[in-house]
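In our numbering, the protein residues as written are -5 to 355. Don't be surprised by glycine CBs; every beta carbon is placed ideally from N, CA and C. In this text, all values refer to a predicted model and were calculated from it rather than measured experimentally.
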């Protein structure tokens, strides 16, 4: 298969971690007989430095012509970087929001996996962490409260702010289909999270999700109120497979889930549109304080590349080979600084990439 991938190295540690992801992808391509064509483009602070804006039309066009986008990290130190002296619409993160909109990336996927080898980093009780967990939060990314009409006014001398939560059935249906499709590649369970005991939008959400579920008899569907889900994530995270939810709930729950894994340096993410196209990136930031020091953890970006193989190219076996390599390297005791523990061997970003590539056989 020929894979046309646009790479956005980005800012801070971005170029380092993307380079290691390419190293692993190249090893997979060589072993499984694929051809990868990479095209590097600028976005964020790197684009500001060259073009004066965080996102150019050329970058958008390149992404649209690709099969998928692999991205590093965007942004810098807000306290010291000259990028943050610019108006908000010209700062690095505006480029990220802009490309998501331009590519119609409405479905955000955030896996939260606790590896047995890293269970000591989990803040939950030992009996919970030892059970491990492997969940994926599917968050609707372009609708809901964050995108509804909003305004602030004053009535009879009293200030009032209004934010509008709106979803139509088509927006709900398309994210639900993505959630069920991905559940078919996992353990075939969807937990749809809403607030149907209070919100009309959640009642519509629940009804449409149930309609979509009829087309997926192989997948088990359960409903859960968002407040209960927040509690269950720390009480029994192993119960979850795919959590399907709206924008604001997903924003909050995905951050909670990421913290119970113990290290954000291990967390991949993806944003998909209504085709096989997706933008894949680590959940962590650009860490400008360690940029260029060979100290970054590339695993989140490498696992994002595995997600790309699975969801944009349907190369499940190749994706599994990368995931297996991560587990084997951790079992052998190799760690970057952010996940270092007693008795393990500390390695840099490049060596971690080498170790992972070597384990793909």
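Query	Result
If you check the beta carbons only, do residue 320 and residue 284 fall under 7 Å apart?	no
Between 6, 207 and 18, which lies nearest to residue 280 when the distance is taken from Cα to Cα?	6
Would you identify the three-state DSSP class for residue 45, choosing helix, strand or coil?	helix
Grab the span of the alpha helix (DSSP H) containing residue 243 for me, first residue to last.	241 to 254
Taking all protein chains shown into account, decide if residue 14 is buried (16 or more other Cβ within 10 angstroms of its Cβ) or exposed.	buried
Using the C-alpha atoms, what's the distance from residue 295 back to residue 66?	7 Å
Are the region 188 to 207 and the region 141 to 156 in contact at 8 Å, needing three or more beta carbon pairs?	no
Can you name the residues that DSSP bridges to residue 154?	147
Cα-Cα, which of 228, 222 and 108 is closest to residue 186?	222
Given that a residue counts as buried once 16 or more other Cβ atoms are within 10 Å of its Cβ, and exposed if not, what is residue 160?	exposed
Please classify residue 239 as buried or exposed, where buried requires at least 16 other C-beta atoms within 10 Å of its C-beta.	buried
Expressed to the nearest angstrom, what Euclidean distance is found between the alpha-carbon atoms of residue 433 and residue 150?	As displayed, the chain neither begins before -5 nor continues past 355, which places residue 433 out of reach and without an answer.
Can you tell me whether residue 145 is buried or exposed, with buried defined as 16 or more other CB within 10 angstroms of its CB?	exposed
So within the region 267 to 325, which uninterrupted alpha helix (DSSP H) runs reach at least 4 residues, ignoring any that extend past its ends?	293 to 305 and 310 to 325
Buried or exposed: which applies to residue 133, given that a residue is buried once 16 or more other Cβ atoms fall within 10 Å of its Cβ?	buried
Taking DSSP as the reference, what is the three-state secondary structure of residue 204?	helix
When burial is assigned at 16 or more other CB atoms within 10 Å of the CB, is residue 164 buried or exposed?	exposed
Just tell me which of 303, 178, 172 and 225 has its CA closest to the CA of residue 203.	172
If the criterion is Cβ atoms closer than 7 Å, does the pair residue 11 and residue 35 meet it?	no
Return the first residue and the last residue of the beta strand (DSSP E) that residue 366 is part of.	Residue 366 is absent from the model: the chain starts at -5 and stops at 355.
Could you pull out every unbroken alpha helix (DSSP H) segment of at least 4 residues lying fully inside the region 4 to 65, listed in chain order?	8 to 26, 39 to 45 and 51 to 59
Based on the DSSP secondary-structure assignment, which residues constitute the bridge partners of residue 105?	130
Roughly how many whole angstroms lie between the Cα atoms of residue 200 and residue 121?	33 Å
With a threshold of 16 other CB atoms inside 10 Å of the CB of residue 208, please say whether the residue is buried or exposed.	exposed
Does the Cβ-Cβ distance between residue 274 and residue 64 come in under 7 Å?	yes
Rounded to a whole number of angstroms, what is the C-alpha to C-alpha distance between residue -5 and residue 254?	37 Å
Kindly indicate which three-state DSSP category residue 78 falls into: helix, strand or coil?	helix
Could you say which of 30, 137, 111 and 136 lies nearest to residue 125 if we only look at CA atoms?	111
Quick one: is residue 102 buried, meaning 16 or more other Cβ sit within 10 Å of its Cβ, or exposed?	buried
Residue 115 and residue 252: beta carbons closer than 7 Å?	no
Spatial neighbours of residue 243 within its chain, please: CB distance less than 7 Å, with the 5 preceding and 5 following residues excluded, ordered by chain position.	187 and 220
Name the one or two DSSP bridge partners that residue 225 has.	Beta-bridge pairing links residue 225 to no other residue.
What is the C-beta distance between residue 260 and residue 354, in whole angstroms, given that I count them as a contact (C-beta under 8 Å)?	About 18 Å separates the two Cβ atoms, so there is no contact after all.
For residue 346, does the three-state DSSP call read helix, strand or coil?	helix
If I measure Cβ to Cβ from residue 167 and keep anything under 8 Å in the same chain, skipping five residues before and after, which residues do I get?	202, 205 and 206
Would DSSP call residue 216 helix, strand or coil?	strand
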